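Protein chains in written order, with this note's numbering: chain A, 5 to 112; chain G, 2 to 255. Just so you know, even glycine gets a beta-carbon here, dropped at the ideal spot from N, CA and C. Predicted, not measured: the structure shown is a model, and the values here were computed from it. Just below is one structure, and these are the notes that go with it.
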Amino acid sequence: MIRAALIALALLTGPALAHRLNVFAWIDGGEVVVEAKFASGARPRVGMVRVYDGADALIRTMGVDENGSARFPLEGAGQGLRIEVDAGDGHEDYWILTPDDIARQTGG
Amino acid sequence: MKAWKIAAAAALTAGAAQAHYGMIIPSDPMLAQEDGRSVALQVSFSHPFELLGMPLARPAVFGVVANGEPQDLLDALQPATIMEHEGFTLDYAIAAPGTYVFHMEPQPYWEPAEDAFIIHYTKAYVSAFGEDEGWDAELGLKTEIVPMAKPFAQWAGNVFQGVVKLDGEPVPHAEVEVEFYNEDGAAVAPDELMITQTVKADANGVFTYAAPHAGWWGFAALNTADYTIAHEGEDKAVELGAVIWVRFEDWARR
Chain A
5 MIRAALIALA LLTGPALAHR LNVFAWIDGG EVVVEAKFAS GARPRVGMVR
55 VYDGADALIR TMGVDENGSA RFPLEGAGQG LRIEVDAGDG HEDYWILTPD
105 DIARQTGG
Chain G
2 MKAWKIAAAA ALTAGAAQAH YGMIIPSDPM LAQEDGRSVA LQVSFSHPFE
52 LLGMPLARPA VFGVVANGEP QDLLDALQPA TIMEHEGFTL DYAIAAPGTY
102 VFHMEPQPYW EPAEDAFIIH YTKAYVSAFG EDEGWDAELG LKTEIVPMAK
152 PFAQWAGNVF QGVVKLDGEP VPHAEVEVEF YNEDGAAVAP DELMITQTVK
202 ADANGVFTYA APHAGWWGFA ALNTADYTIA HEGEDKAVEL GAVIWVRFED
252 WARR
């Protein structure tokens with residue numbers, strides 16, 4: 005019974021690894037661009053973007069577009085941002101824009 | 002008899018340092034976002050198991066290909082001393098996820114002992130920020146090992162396969178020399194035959210090797226060029242090496 009449960013768990017977690025989600029974000033023209041991609045190269049068509057500030061407070065949520073992307077204005081990012089994308093079924097990843105990243109990418 | 006022994010001893014000593022390797026060793030083959038935004042490369046021409054260096058002149062070509070985009074890095078190489086000889090270092094800033102394939106074409110190296118020039122076309126890979134697409138790309142070098150398994154994210158003990166290519170075509174039954182980069186000098190060879198191992202490719206140019214230990218392993222497929230280079234008025238053969246550096250990791254437990 006335990007064995008069956010373990011196998012079921014392995015099956016449940018397996019697909020999440022085989023289709024690992026990878027999240028990246030960068031700054032383009034005063035906006036943060038978020039891109040989510042499966043390891044296969046495919047883009048998630050649905051997914052929730054959660055943006056946290058440097059104090060780890062949730063400051064924004066939005067959906068991804070049909071290309072697994074999202075954009076939002078660069079605000080409240082003084083201490084950096086953590087941008088999480090949740091595409092469901094355990095497919096979740098994040099990217100941290102550090103204050104250094106932001107300074108470099110905004111020419112500061 | 003005594004002379005024979007001395008000659009044999011000399012041959013053993015000389016034989017111990019026969020496998021030359023173009024080397025590009027990245028500080029991290031799998032750069033995570035928590036690891037920073039750059040990798041440091043060590044670039045040399047060496048005997049990696051015995052840690053014996055040879056001078057590496059500024060290469061003819063040094064660059065990186067990532068996400069299909071080539072970038073020339075020749076002028077970014079900083080002269081450095083590696084294994085007590087001239088080599089180079091490079092701090093390369095990585096801005097975006099991807100597989101970064103660093104490659105070098107050294108200037109022809111005159112090796113009097115082999116009465117030939119040596120050119121080792123050398124590659125090393127860095128997967129950045131979780132992105133591993135592009136690890137199997139062929140750069141189109143004069144000679145090249147095209148990996149059939151990721152040249153990173155391998156466990157020690159995993160089998161590694163690659164295709165040996167020369168002028169874009171597989172080389173049937175090519176000889177591939179395999180050597181461990183004995184970075185901390187801790188590895189000991191029970192016999193000089195264990196310093197450089199040799200495997201042969203199959204009829205399709207595919208070779209197979211299972212690395213017994215974690216670390217950087219160099220694979221060098223050697224072929225003789227269809228041209229010569231003049232040395233002191235004489236035409237000399239040119240050994241073309243296709244070198245790939247592959248990183249194997251320790252099996253880890255909680």
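Residue interval of the beta strand (DSSP E) (run including residue i)
i: R75/A; result: 73–77
i: I87/A; result: 85–90
i: D227/G; result: 216–232
i: R248/G; result: 235–250
i: N26/A; result: 25–32
i: S45/G; result: 39–48
i: A211/G; result: 207–211
i: F153/G; result: Careful: F153/G lies outside any beta strand (DSSP E) and carries neither H nor E.
i: V189/G; result: From DSSP, V189/G is part of no beta strand (DSSP E); its letter is neither H nor E.
i: V37/A; result: 35–42
i: I119/G; result: 117–129
i: R54/A; result: 52–56
i: L53/G; result: 53–55
i: R49/A; result: Element bounds for R49/A: n/a, residue is neither H nor E.
i: K201/G; result: 197–201
i: L194/G; result: Counting along the chain, L194/G falls outside any beta strand (DSSP E), and DSSP gives it neither H nor E.
i: W111/G; result: 110–112
i: H104/G; result: 99–106
i: K143/G; result: That residue, K143/G, is in no beta strand (DSSP E); it is neither H nor E in DSSP.
i: E176/G; result: 176–181
i: V165/G; result: 160–167
i: P27/G; result: 22–27
Residue i, buried or exposed, once every other Cβ within 10 Å from all chains shown has been counted against 16
i: W246/G; result: buried
i: Q1/G; result: As shown, chain G starts at 2 and ends at 255. That puts residue 1/G outside it, with no answer to give.
i: V189/G; result: exposed
i: P152/G; result: buried
i: S44/A; result: exposed
i: K201/G; result: exposed
i: R59/G; result: exposed
i: H214/G; result: exposed
i: W252/G; result: exposed
i: G67/A; result: exposed
i: E132/G; result: buried
i: H95/A; result: buried
i: R248/G; result: buried
i: T110/A; result: exposed
i: G234/G; result: exposed
i: Q108/G; result: exposed
i: P91/G; result: Reading off the sequence, residue 91/G comes out as Leu, not Pro. Per the 10 Å Cβ criterion, buried.
i: L62/A; result: exposed
The alpha helix (DSSP H) enclosing residue i, as first and last residue numbers
i: R108/A; result: 103–109
CB-CB length for residue i against residue j, believed under 8 Å
i: K143/G; j: V244/G; result: That pair is no contact at about 12 Å.
i: F118/G; j: V165/G; result: Contact flag wrong, Cβ pair sits at about 20 Å.
i: V172/G; j: A226/G; result: V172/G to A226/G, Cβ: 13 Å. No contact.
i: Y126/G; j: T100/G; result: 6 Å
i: R75/A; j: E35/A; result: 5 Å
i: E106/G; j: I120/G; result: 7 Å
i: I106/A; j: G84/A; result: 7 Å
i: I146/G; j: G169/G; result: Incorrect: roughly 13 Å between the Cβ atoms, too far for contact.
i: R54/A; j: E88/A; result: 5 Å
i: P49/G; j: F181/G; result: 7 Å
Within chain C, the residues that residue i reaches when beta carbons sit closer than 9 Å
i: A97/G; result: Any reference to chain C falls outside this structure, whose protein chains are A and G.
In chain order, which continuous runs of the beta strand (DSSP E) of length 3 or greater are located wholly inside the segment 58–94 of chain G? If we require 3 residues or more, the beta strand (DSSP E) runs fully inside the segment 58–94 of chain G come out as 62–67, 70–73, 79–83, 86–94.
Should the segment 131–138 of chain G be regarded as contacting the segment 184–200 of chain G, the criterion being three or more beta carbon pairs within less than 8 Å? No: the two stretches stay apart, fewer than three of their Cβ pairs being nearer than 8 Å.
Quick check: the segment 47–61 of chain G against the segment 81–88 of chain G, are there 3 or more CB pairs under 8 Å? The segment 47–61 of chain G vs the segment 81–88 of chain G: in contact.
So, do the segment 108–117 of chain G and the segment 71–82 of chain G have three or more beta carbon pairs nearer to each other than 8 Å? With the cut-off at 8 Å, the segment 108–117 of chain G and the segment 71–82 of chain G do not touch.
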